[in-house]
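Structure first, then comments.
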Amino acid sequence: MWSDKTFEPLGKSGPRLNANVKTNESSMGSPVMKKLELKTSDQILQVALSKEKEKEARDFYDEQAAHCRVDFVRKLLEKLKNEKSEHIRLVQGMITKLNAGRDIV
Numbered sequence: 004m005w006s007d008k009t010f011e012p013l014g015k016s017g018p019r020l021n022a023n024v025k026t027n028e029s030s031m032g033s034p035v036m037k038k039l040e041l042k043t044s045d046q047i048l049q050v051a052l053s054k055e056k057e058k059e060a061r062d063f064y065d066e067q068a069a070h071c072r073v074d075f076v077r078k079l080l081e082k083l084k085n086e087k088s089e090h091i092r093l094v095q096g097m098i099t100k101l102n103a104g105r106d107i108v
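Here my numbering is used: the first residue of the sequence shown is 4, the next is one more, and so on.
This is the structure:
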């Protein structure tokens, strides 16, 4: 469970990170872009892994590589899959460190 008490917010006058994130908040059920103002480290990391998009991308590359008959394209897809896996591992490690009260930078 995330707790803003663990982290120092950047403050009202401090810098902000703005992100556009797809959400399912439209009345028609289709994704819409929602602008978020991210103030804490945990919010930034949550967005980095939001809605499992990183895992979906990794699985997409994996599936495409499994069915690819062109060697260099398959190798490229496998490289992209591995980079997504590394990014997921990196962000999850940061989340673990934050939850333990450790510095992530």
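The C-beta atom is built at its ideal place from N, Cα and C for all residues, glycine as well.
Outcome for residue i when other beta-carbon atoms lying within 10 angstroms are tallied against a minimum of 16
i: L101; result: buried
i: D62; result: exposed
i: K78; result: exposed
Residue i vs residue j beta-carbon contact at 8 Å
i: K58; j: I91; result: yes
i: V94; j: A51; result: yes
i: A68; j: E81; result: yes
i: K87; j: Y64; result: yes
Cβ-based neighbour list, residue i, same chain, cut-off 8 Å, excluding 5 preceding and 5 following
i: D106; result: K100
i: L48; result: V94, M97, I98 and L101
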